[in-house]
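Here's the structure, in structure tokens; my notes come after.
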Amino acid sequence: MNSQPIGVFDSGIGGLTCLKELKELLPNEDIVYLGDTARVPYGTKSRETIAEYARQDIAFLKRYDVKMILVACGTVSSVMETVPIFEGSGVELYSGVISPAVKAACEATKNGRIGVIGTPATIRSGCYTSALKAIHTDIQVFSRACPMFVPLVENGYTDDDNKVTTLIAQEYLEEMARENIDTLIMGCTHYPLLKGVFAKVLGDGVTLISPGAEAARYAARMLGEKDMLCGSGGACRLYCTDSEELFAENVAAFLGSGINAEIKKCSL
Ligand code: DGL
35 MNSQPIGVFD SGIGGLTCLK ELKELLPNED IVYLGDTARV PYGTKSRETI AEYARQDIAF
95 LKRYDVKMIL VACGTVSSVM ETVPIFEGSG VELYSGVISP AVKAACEATK NGRIGVIGTP
155 ATIRSGCYTS ALKAIHTDIQ VFSRACPMFV PLVENGYTDD DNKVTTLIAQ EYLEEMAREN
215 IDTLIMGCTH YPLLKGVFAK VLGDGVTLIS PGAEAARYAA RMLGEKDMLC GSGGACRLYC
275 TDSEELFAEN VAAFLGSGIN AEIKKCSL
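Per the working numbering: the sequence shown = residues 35 to 302.
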């Protein structure tokens, strides 16, 4: 038993896809969430800058004595494959989203043709492709950087029939649809907020993998195995680095009224 909170961070609201799943799987766990909304997007920045931001995010969560940190951000997860952002942080238990998402995609695919979308930094790193190929060398991967999706999500262009988002999704996903993928890794945690649009563009035959949700499932398993779950609690504290009001609006739109969370602005 361990009553310390779980720490979760992302550049913005994308990591809420992870938090939502965590709350469902582990309703009694305390969670501290950080969305670095003042500096979103991370995905168009250099690896050095992303690593520096991530270290600050980790240091912030450390103040809350977290028992585990979930990097609910595909971009930071792609950087941490090669840059030791946790080194010297004192955090022993952590996970990114790449490996849990890749495992889920490999289990889901039937034809071995997998699409990967992500931020420019994530796709440039090639981390999803190499992780997929490490499991099955013969898997065919079709990847594409989709820089417009994060601003669309952060600005609320998320309804299934949104004309702007649909047009952009058609352009980004055209090749994958032609290549007959049967599984799509929505490789940035913001993207599952657009899953209705993706489903329309790609059709029902394509399984959509949410990296944040997969990371939450992985964390739940890991904490369970280590006997580090907590039987009581369930408080949720959300921090952002820019406007509290804007963040609260986005949180309410995404999580609905189901989660009673305290929202505060913080500095890193
Ligand atoms: N949600 C993040 C990701 O999974 C970050 C997107 C961004 O800030 O560019 O990549």
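From the three backbone atoms N, C-alpha and C, an ideal C-beta is built for every residue, glycine too. The structure presented is a predicted model; accordingly, all values stated were derived computationally and were not measured.
In three-state DSSP terms, what is residue i?
| i | result |
| --- | --- |
| Thr314 | Only positions 35 to 302 of the chain appear in the structure, and residue 314 is not among them; the question remains open. |
| Glu283 | helix |
| Ile119 | coil |
| Lys298 | strand |
| Gly265 | coil |
| Val187 | helix |
| Ala72 | coil |
| Arg305 | Within the shown structure, residues of the chain are numbered from 35 to 302, placing residue 305 beyond reach of any answer. |
| Met182 | coil |
| Leu29 | In the structure as shown, the chain begins at 35 and stops at 302. Residue 29 is therefore absent and cannot be evaluated. |
| Arg271 | strand |
| Gly41 | strand |
| Ile65 | strand |
| Val175 | strand |
How about residue i: is its C-beta nearer than 8 angstroms to some C-beta of chain D?
| i | result |
| --- | --- |
| Arg178 | Note that chain D does not occur in the displayed structure, where there is just one protein chain. |
Just to check my reading of the structure: residue i and residue j have Cβ atoms closer than 8 angstroms, yes? What is that Cβ distance to the nearest angstrom?
| i | j | result |
| --- | --- | --- |
| Cys180 | Ala106 | Wrong, their Cβ atoms sit about 18 angstroms apart, outside the cutoff. |
| Thr71 | Phe281 | 6 angstroms |
| Phe176 | Ala203 | No, Phe176 and Ala203 are not in contact; Cβ-Cβ is about 15 angstroms, not under 8 angstroms. |
Can you give me the Cβ contacts of residue i inside the same chain, cut-off strictly under 7 angstroms, excluding the 5 residues immediately before and after it?
| i | result |
| --- | --- |
| Tyr98 | Pro39, Gly41 and Val66 |
| Gly49 | Val42, Phe43, Tyr67, Gly69, Ala106, Cys107, Thr223 and Gly246 |
Keeping to the same chain, check which residues put their C-beta closer than 8 angstroms to that of residue i; ignore five residues upstream and five downstream.
| i | result |
| --- | --- |
| Val146 | It should be noted that the sequence gives Gly, not Val, for residue 146. So the qualifying residues of the chain are His170, Asp172, Ile173 and Gln174. |
Under 6 angstroms Cβ to Cβ from residue i, same chain only, skipping five residues before and after it: list those, please.
| i | result |
| --- | --- |
| Val125 | Ile103 |
| Arg178 | Ile151 and Tyr206 |
Item to complete: Check whether the segment 83-99 touches the segment 40-52, counting contact only when three or more Cβ pairs, one atom from each stretch, lie closer than 8 angstroms.
Response: yes
Worksheet item: Counting only runs that start and end within the segment 104-170, where is the beta strand (DSSP E) found for 3 or more residues in a row?
Response: 147-152
Discussion item. Below 8 angstroms, how does it come out for the segment 256-269 and the segment 153-170: are there three or more Cβ pairs, yes or no?
Written reply: no
Item to complete: Say whether the segment 234-246 touches the segment 163-172, bearing in mind that this needs 3 or more beta-carbon pairs closer than 8 angstroms, one atom from each stretch.
Response: no
Worksheet item: Does the segment 75-88 come close enough to the segment 139-159 to have 3 or more Cβ pairs within less than 8 angstroms?
Response: yes
Practice prompt. Would you mind listing the beta strand (DSSP E) stretches within the segment 204-246 that are 3+ residues and don't spill past its ends, in chain order?
Written response: 217-220 and 241-243
Worksheet entry | Segment contact flag, the segment 179-197 with the segment 113-130, C-beta cutoff 8 angstroms, min 3 pairs | no
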